[in-house]
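If you read the sequence shown in my numbering, its first letter stands for residue 2, the second for the next number, and so on.
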Amino acid sequence: MMNCYFFIHILRDYNHYYLLYHIQRTIHMMRGHLIAGTILLLLFAVVVQGAFAGVVERSVEPAEQSTYRVVLTIAGERVAGITEVLPPGTEVREVSLPAGQYRVDGTTLFLAVIGEPEITYVVRAPEDPTGAIRGTWTDFVLDEGGTVAGHADGTESPQVPSAAPLTAGTPKAAPSLLLLLAGTMAGMACAARCRGKGGMRR
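#1: Compare the Cα-Cα distances from Pro118 to each of Ala76, Gln25, Ile24 and Ile28 and report the closest residue.
#2: Quick one: is Ile83 buried, meaning 16 or more other Cβ sit within 10 Å of its Cβ, or exposed?
#3: Around the Cβ of Arg59, are there at least 16 other Cβ atoms within 10 angstroms (buried) or fewer (exposed)?
#4: Would Val114 be called buried (16 or more neighbouring beta carbons within 10 Å of its own) or exposed?
#5: Is Leu110 near Glu145, with beta carbons less than 7 Å apart?
#6: Look at the alpha carbon of Pro130 and the alpha carbon of Ile28, and state the distance between them as a whole number of angstroms.
#7: Kindly identify the DSSP beta-bridge partner or partners of Thr148.
#8: Taking its Cβ as the centre, do 16 or more other Cβ atoms sit within 10 Å of Arg79, making it buried, or is it exposed?
#9: Using C-beta distances below 6 Å, list every residue in its chain close to Thr68, excluding the 5 sequence neighbours before and after it, in chain order.
#10: Can you give the Cα-Cα distance for Gly147 and Asp106, rounded to whole angstroms?
#11: Roughly how far, in whole angstroms, is the beta-carbon of Val56 from the beta-carbon of Val71, given that I think they are within contact range, below 8 Å?
#12: Looking only at DSSP bridge pairs, what is Arg125 linked to?
#13: Looking at the strands, I want to know which residues DSSP matches up with Ser60.
#14: Go ahead and label Gly136 buried or exposed: buried means 16 or more other beta carbons lie within 10 angstroms of its beta carbon, across all protein chains shown.
#15: Quick check on DSSP: helix, strand or coil for Gly101?
#16: Is it true that the CB of Pro127 sits closer than 7 Å to the CB of Gly90?
#17: Can you tell me whether Gly101 is buried or exposed? The criterion is at least 16 other CB atoms within 10 Å of its CB, across all chains shown.
#18: With DSSP collapsed to three states, give me the class of Thr131.
#19: Three-state secondary structure (DSSP) at Thr109?
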C-alpha cells in the first residue's frame with residue numbers, strides 16, 4: 002500500500018511539472034509571437050511614415066531689398082493644393098504659377114499644383130520668414146495630405162488652414178500610430194503574462 006501511495010505521489014508530481022513545463026513553453030511562444038508582431042507593426046508604421054514624409058518641402062533663399070524667394074519642391078507628378086500661411090507683415094510679390102493657379106488672401110497663399118515639380122514665390126517681409134511659414138498640402142487624386150516640411154525647422158504647426166480636409170495619412174499622425182501600436186502590444190503581452198501566472202497558480 003505504501004508503494005502504491007509513493008507511485009501516486011510521483012505520478013502527481015510528474016503531471017504537475019509536465020503541466021508547468023507546457024504552460025511556461027506556451028507563454029514563451031506567445032511572448033515571442035507578440036514581440037515579432039510588434040516589430041513588424043512598428044516597421045510597417047515607420048515605412049508608412051517615410052512614404053508620406055517629404056512630399057512637399059520648402060526652402061527660403063534671401064533675394065534683395067528685404068525680399069525672399071520661397072521654393073516648394075513637390076515629389077512626383079501630383080494634382081494637389083498647397084496652402085502657405087505667412088507671418089504677419091509679409092507681402093506676396095511674385096508667384097511662378099499662372100494667375101489662375103494661385104490666390105492671395107492677406108498673408109495666406111493658395112496654390113494649385115498640376116504636375117509642377119517646383120513652385121517658387123517671392124515675398125517681402127520685415128525679417129527672414131524661414132521657420133515662420135506654415136503650410137499644408139492635399140493630393141486630390143490619391144486623397145492624401147500632410148504638412149509642408151521646411152528645411153530649417155522640419156516641423157509645422159497643426160493650426161494651419163488646409164486646402165482640403167487632411168486624411169489619416171498625414172506625417173504628424175504617424176508618431177501617434179507608433180505609440181498606439183506599442184501600447185496595444187504591451188497591453189497584450191501583459192494580459193498574456195497575467196493569464197499564464199493565473200494558470201500556474203491553479
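Using N, Cα and C, we set each Cβ at its ideal position, and we do this for glycine too.
With the given structure in hand:
#1: As a working note, residue 118 is residue 117 in the sequence shown. Taking Pro118 as reference, the option from Ala76, Gln25, Ile24 and Ile28 with the minimal CA-CA separation is Ala76.
#2: Indexing the sequence shown from 1 puts residue 83 at position 82. It counts as buried.
#3: The residue given as residue 59 occupies position 58 in the sequence shown. Here Arg59 is buried: its Cβ has 16 or more other Cβ atoms, across all protein chains shown, within 10 Å.
#4: For this step, residue 114 is matched to residue 113 along the sequence shown. Label assigned to Val114: buried.
#5: For this step, residue 110 is matched to residue 109 along the sequence shown. For this step, residue 145 is matched to residue 144 along the sequence shown. Not in contact: Leu110 and Glu145 (Cβ atoms no closer than 7 Å).
#6: Counted from its first residue, the sequence shown places residue 130 at position 129. Counted from its first residue, the sequence shown places residue 28 at position 27. Spanning the two alpha carbons is a distance of roughly 57 Å.
#7: Here residue 148 refers to the residue found at position 147 when the sequence shown is read from its first residue. Listed as beta-bridge partners of Thr148 by DSSP are Thr137.
#8: Translated into the one-based positions of the sequence shown, residue 79 becomes position 78. Looking at its Cβ environment, which holds 16 or more other Cβ atoms inside 10 Å, Arg79 is buried.
#9: Position 67 of the sequence shown, counted from the first residue, corresponds to residue 68. If we look at Thr68 and ignore the five residues flanking it on each side, its Cβ neighbours are Val123 and Arg125.
#10: Taking the first residue of the sequence shown as 1, we reach residue 147 at position 146. Taking the first residue of the sequence shown as 1, we reach residue 106 at position 105. Answer to the nearest angstrom: the Cα atoms are 21 Å apart.
#11: In the sequence shown, the residue the question calls residue 56 occupies position 55. In the sequence shown, the residue the question calls residue 71 occupies position 70. At roughly 17 Å, the Cβ-Cβ gap does not stay under 8 Å, so Val56 and Val71 are not in contact.
#12: Within the sequence shown, numbered from 1, the residue matching residue 125 stands at position 124. DSSP lists Thr68 and Glu92 as partners of Arg125.
#13: Within the sequence shown, numbered from 1, the residue matching residue 60 stands at position 59. DSSP, once it has assigned bridges, lists Val72 as partnering Ser60.
#14: Along the sequence shown, read from residue 1 onward, the residue named residue 136 stands at position 135. With at least 16 other beta carbons inside 10 angstroms of its own, Gly136 counts as buried.
#15: Taking the sequence shown and counting its residues from 1, one reaches residue 101 at position 100. Gly101 falls in the helix class under three-state DSSP.
#16: Translated into the one-based positions of the sequence shown, residue 90 becomes position 89. Translated into the one-based positions of the sequence shown, residue 127 becomes position 126. Their beta carbons are under 7 Å apart, which means Gly90 touches Pro127 by this criterion.
#17: For this step, residue 101 is matched to residue 100 along the sequence shown. Answer is exposed; the Cβ neighbour count stays below 16.
#18: Within the sequence shown, the letter at position 130 stands for residue 131. Correct three-state label for Thr131: coil.
#19: The residue given as residue 109 occupies position 108 in the sequence shown. In this structure, Thr109 counts as strand in the three-state DSSP scheme.
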